[in-house]
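This report concerns only the one structure given below.
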Amino acid sequence: NMEGVRMEPIGGLIKRRREAMGLSQQALADQIDVSKSYLSRIESGERSLTDDQAKLLGQMLGAPSELLLLESGRLPADVQGAIAADAAGVTTALRGRTEQSAVSYPTSPVRALSARSEVRIVDPDADVAIPARIEVSKASTTYRAHSYHTKVPPSAIKPFIEAFTERGDLVSDPFCGSGMTGVAALECERDALLSDLSPAAVHIARNYTAPCDPKAFRAAFERLKSAVEPTMRWLYNPVGIKGASVEYTVWSDVFACDACASEITYWDALHHSGGIELVCPTCTAVLNKANLKWVGERPVRTHVSEKGRRMTHHAPTAAEVALIDEVNQTAIPYWVPMMKFGSDREMWRSAHAAMGIADVAGFYTRRNLHALAALRHAIVGAAEGRVREALLFAFTACANRASKRYQWNAKRPTNVMTGTLYVSSLRYEWNVWSLFRRKAADVLRYFESRPPTTRTAEVFQ
Numbered sequence: 016n017m018e019g020v021r022m023e024p025i026g027g028l029i030k031r032r033r034e035a036m037g038l039s040q041q042a043l044a045d046q047i048d049v050s051k052s053y054l055s056r057i058e059s060g061e062r063s064l065t066d067d068q069a070k071l072l073g074q075m076l077g078a079p080s081e082l083l084l085l086e087s088g089r090l091p092a093d094v095q096g097a098i099a100a101d102a103a104g105v106t107t108a109l110r111g112r113t114e115q116s117a118v119s120y121p122t123s124p125v126r127a128l129s130a131r132s133e134v135r136i137v138d139p140d141a142d143v144a145i146p147a148r149i150e151v152s153k154a155s156t157t158y159r160a161h162s163y164h165t166k167v168p169p170s171a172i173k174p175f176i177e178a179f180t181e182r183g184d185l186v187s188d189p190f191c192g193s194g195m196t197g198v199a200a201l202e203c204e205r206d207a208l209l210s211d212l213s214p215a216a217v218h219i220a221r222n223y224t225a226p227c228d229p230k231a232f233r234a235a236f237e238r239l240k241s242a243v244e245p246t247m248r249w250l251y252n253p254v255g256i257k258g259a260s261v262e263y264t265v266w267s268d269v270f271a272c273d274a275c276a277s278e279i280t281y282w283d284a285l286h287h288s289g290g291i292e293l294v295c296p297t298c299t300a301v302l303n304k305a306n307l308k309w310v311g312e313r314p315v316r317t318h319v320s321e322k323g324r325r326m327t328h329h330a331p332t333a334a335e336v337a338l339i340d341e342v343n344q345t346a347i348p349y350w351v352p353m354m355k356f357g358s359d360r361e362m363w364r365s366a367h368a369a370m371g372i373a374d375v376a377g378f379y380t381r382r383n384l385h386a387l388a389a390l391r392h393a394i395v396g397a398a399e400g401r402v403r404e405a406l407l408f409a410f411t412a413c414a415n416r417a418s419k420r421y422q423w424n425a426k427r428p429t430n431v432m433t434g435t436l437y438v439s440s441l442r443y444e445w446n447v448w449s450l451f452r453r454k455a456a457d458v459l460r461y462f463e464s465r466p467p468t469t470r471t472a473e474v475f476q
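The sequence shown begins at 16 in my numbering and counts up one residue at a time.
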């Protein structure tokens with residue numbers, strides 16, 4: 016592992032070898048036909064070596080010329096060739112090396128909390144002031160900011176904290192999930208100590224309990240918007256349709272008829288039969304979907320927004336299909352998570368394997384994968400520290416809906432199915448920027464709504 020090895024400054028090897036051999040800058044400069052000041056700039060890293068200069072210096076100093084070129088910022092010819100052959104791949108690898116760990120969270124509390132030192136024993140049979148029935152609403156800025164499969168509104172937790180603790184106490188939750196216990200503790204003027212085995216839970220809990228300056232968040236969002244606008248316009252605005260943007264596309268699975276082997280677009284067959292049974296439009300055979308072979312997917316309906324007009328929908332146009340094809344053939348020059356799924360998973364054997372879903376990236380269309388990767392890259396560049404964390408909080412909040420797991424609904428878009436990685440045969444592909452813009456607004460409203468407090472929450476994994 017060379018990541019912790021610190022390289023010499025450019026020209027450091029030249030200077031060190033020259034001095035060890037008792038050569039002055041002027042003497043060495045004369046040998047390679049440059050001025051003393053020019054050699055000084057080479058040694059200080061202000062100038063690069065030519066191939067001929069590196070060769071001469073290598074002979075004089077007894078050092079490999081390739082190493083001297085590298086130290087002066089020049090790449091070897093074979094590396095230059097590799098970059099030229101796969102520029103996008105090299106770009107992705109270099110960006111991924113630094114960006115896949117854009118934020119990190121502690122593995123233990125980073126500072127002592129001002130908890131009470133005495134220990135109090137609470138009698139479980141004591142008469143405590145807890146309402147017999149607690150009714151709360153999920154329609155709050157806190158609940159909307161980020162989803163989590165076991166999230167409970169903090170207003171449902173506060174009565175228990177108030178009943179069993181006092182102001183200034185420390186509330187600990189070692190299985191914190193989304194951090195709602197921490198949010199409730201802060202609202203009750205208690206400190207909180209939260210942890211979880213899940214990195215996602217720690218990320219969500221941290222962002223729910225750590226304050227963020229709304230003005231700084233808003234300013235970073237505007238920088239981010241400017242940075243990703245060209246990419247998002249390319250991904251969702253078909254050529255020749257001025258002012259129109261694809262808001263979402265309905266995709267359908269395509270199967271092979273087990274009677275005549277012709278392709279069946281599930282969307283067409285379902286609508287042709289009225290949703291009662293699946294009928295092959297070619298041979299009219301009545302089919303059992305569970306027995307059909309999955310052979311692909313295709314867009315079947317596009318929903319488009321135009322400035323000043325209501326959203327409309329239609330069958331995909333030639334320009335919209337051409338845009339999808341173009342994106343599918345374009346390399347993604349950003350880091351993309353490629354974590355593999357084991358073939359021992361039941362859902363992989365029963366569904367995902369046939370659909371070609373073998374890793375995290377497989378749950379996204381190529382277009383949305385490109386959009387998410389570009390957006391995350393831009394977030395890393397647009398902000399640092401707490402604001403970067405907050406923007407990534409909004410990013411992960413929309414990642415589920417941007418996936419193929421967002422199943423189609425005949426009446427209106429609802430959400431992904433929780434607790435499973437199920438991919439429906441009819442699904443949405445949402446415009447990633449539209450999803451993120453709305454979710455960032457939810458996150459901003461949450462930060463703006465947080466009451467000031469002197470209490471703190473520590474979150475660690």
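Beta carbons are placed, not taken as given, at the ideal position from N, Cα and C, and that holds for glycine.
Asked	Found
Once DSSP output is grouped into helix, strand and coil, what is the label at residue 475?	strand
Looking only at its chain, what residues have a beta carbon closer than 7 Å to the beta carbon of residue 46, apart from the 5 residues adjacent to it on each side?	71, 75
Should residue 88 be labelled buried (16 or more other beta-carbon atoms within 10 Å of its own) or exposed?	exposed
Give the single residue among 107, 73, 434 whose Cα lies nearest to the Cα of residue 389.	107
Consult DSSP for residue 193 and reduce its assignment to one of helix, strand or coil.	coil
By DSSP's criteria, residue 270 is part of a beta bridge. Which residues make up the other side?	279, 309
Going by CA-CA distance only, name the one from 454, 305, 475, 99 that's closest to residue 160.	454
Would you kindly work out how many angstroms separate the C-alpha atoms of residue 370 and residue 310, rounded to a whole number?	8 Å
Hey, would you say residue 491 sits closer than 8 Å to residue 78, going by beta carbons?	Not covered by the structure: residue 491. The range shown for the chain is 16 to 476.
Please classify residue 22: is it buried, with 16 or more other beta-carbons within 10 angstroms of its beta-carbon, or exposed?	In this prediction, residue 22 scores a pLDDT of 48, lower than 50, which makes its location untrustworthy; no coordinate-derived value is stated.
Excluding sequence positions up to five away, which residues of its chain have a Cβ less than 7 Å from the Cβ of residue 16?	Any reading at residue 16 must be qualified, since the residue scores a pLDDT of 42, below 50, and its modelled position is unreliable; the value itself is stated next. Closer than 7 Å at Cβ, skipping near neighbours: no residue.
Do you know offhand how far residue 55's Cα is from residue 84's?	16 Å
So, for residue 19: in the same chain, excluding its five sequence neighbours on each side, which residues have a beta-carbon less than 7 Å away from its beta-carbon?	With a pLDDT of 44 at residue 19, under the threshold of 50, the predicted position of this residue should be treated as unreliable, and no value is reported.
Mapping DSSP to helix, strand and coil, what is residue 445?	strand
Thinking just about the alpha-carbon of each residue, which of 200, 94, 308, 35 is nearest to the one in residue 278?	308
Per DSSP, which one or two residues make a beta bridge with residue 188?	209
Let me confirm a value: residue 123 is counted as buried when at least 16 other C-beta atoms fall within 10 Å, else exposed. Which label applies?	exposed
What residue range is occupied by the uninterrupted alpha helix (DSSP H) comprising residue 107?	102-114
Judging by CA-CA distance, which residue of 98, 300, 118 is the nearest neighbour of residue 109?	98
Taking only the alpha-carbon atoms, compute the straight-line gap between residue 249 and residue 199 and give it to the nearest angstrom.	43 Å
Kindly indicate the opening and closing residues of the beta strand (DSSP E) around residue 329.	327-329
Assuming residue 251 and residue 267 make a contact with CB atoms under 8 Å, what is their CB distance in whole Å?	Between residue 267 and residue 251 the Cβ distance is about 20 Å, and since that is not below 8 Å, they are no contact.
Who are the near neighbours of residue 214 in its chain, counting only those whose CB is closer than 8 Å to its CB and skipping five residues on each side?	120, 476
Since residue 218 contacts residue 411 with CB under 8 Å, what's their CB separation in whole angstroms?	7 Å
Report back the beta-carbon spacing between residue 448 and residue 243 to the nearest angstrom; my notes put them in contact at under 8 Å.	7 Å
Taking the C-alpha atoms as reference points, what is the distance between residue 328 and residue 337?	18 Å
Using the C-alpha atoms, what's the distance from residue 201 back to residue 470?	6 Å
For the structure I just gave you, are there three or more beta carbon pairs, one from the segment 229-247 and one from the segment 380-394, closer than 8 Å?	yes
CA-CA distance, residue 440 and residue 258?	31 Å
Can you tell me which of 345, 466, 442, 180 puts its alpha carbon nearest to the alpha carbon of residue 425?	442
Measuring alpha carbon to alpha carbon, tell me which of 145, 211, 238, 114 ends up nearest residue 350.	114
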